[in-house]
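Numbering (the working numbering), first residue to last: 1117 to 1291.
Beneath this line is the structure, given in structure tokens, with notes to follow.
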Ligand code: 5GP
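Dropping the structure here:
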């Protein structure tokens, strides 16, 4: 059980779905005519968003996944993460769109961008569903963002608390 009575909904299913459609149109327009787009979804939180977003794209793309895990279950102060599943696609000379669930301190994204840049993509952009700029420690580029959020711990739409709440259709704050 998710114990949903302890949650305060911040974003409804309808708000989420409208935003995902909007982002899909924007990205389709920006990449129209561009060659070889690879959507890189970061396991596991961004999977729900990435799949929904991909269904709103009217351009061809390859969907791939990169799995990461923080050391000892915590965000490392230097942002060092462990890659638990690498991409299957060679992204050299391809347009890469990294799809994130949330950019919080920016440490994870910073590490991922550095890692992916070493593989010589033609372009590398970031699309995040949620952005928490107030919590940023490292400056990271965000090209597409769904919603800017206040400094709260949110769950739902792929985001978990101890592996619970991922399947919540809304974004909520745990009370
Ligand atoms: P970072 O702090 O490195 O930007 O974020 C690292 C990861 O921590 C995110 O990809 C996400 O998985 C997790 N995270 C950060 N903020 C939240 C939050 O408010 N809720 C949940 N469920 N996860 C978060």
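Cβ coordinates follow ideal geometry from the N, Cα and C atoms, glycine included.
1. Indicate the three-state DSSP secondary structure (helix, strand or coil) for residue 1203 in the structure shown.
2. To which residues does DSSP link residue 1239 through a beta bridge?
3. Identify whether residue 1157 lies in helix, strand or coil by the three-state DSSP scheme.
4. Given a threshold of 16 other Cβ atoms within 10 Å of its Cβ, counted over all protein chains shown, does residue 1206 qualify as buried or as exposed?
5. Taking C-beta to C-beta, are residue 1258 and residue 1214 nearer than 8 Å?
6. Considering only their Cβ atoms, is the gap separating residue 1208 from residue 1235 smaller than 8 Å?
7. Between residue 1286 and residue 1125, is the Cβ-Cβ spacing less than 8 Å?
8. Nearest to residue 1152 by alpha carbon, out of 1212, 1183 and 1165?
9. If distances are taken between C-alpha atoms only, which option among 1239, 1168, 1166 and 1268 comes closest to residue 1147?
10. For residue 1122 versus residue 1290, is the C-beta spacing smaller than 8 Å?
11. Check for me: the beta strand (DSSP E) holding residue 1287 runs from which residue to which?
12. How far does the alpha helix (DSSP H) with residue 1171 in it reach, from first residue to last?
13. Compute the Euclidean distance between the alpha carbons of residue 1248 and residue 1217, then round it to the nearest angstrom.
14. For residue 1269, which of helix, strand or coil comes out of DSSP?
15. Using CA atoms only, rank isn't needed, just tell me which of 1204, 1149, 1219 and 1184 is closest to residue 1270.
16. Taking Cβ positions only, does residue 1166 come closer than 8 Å to chain B?
17. Which residue's Cα is closest to the Cα of residue 1130: 1201, 1158 and 1273?
So, from the data block:
1. coil
2. 1211
3. strand
4. exposed
5. no
6. yes
7. yes
8. 1212
9. 1239
10. yes
11. 1287-1290
12. 1163-1171
13. 11 Å
14. coil
15. 1219
16. No chain B is present in this structure, which holds just one protein chain.
17. 1273
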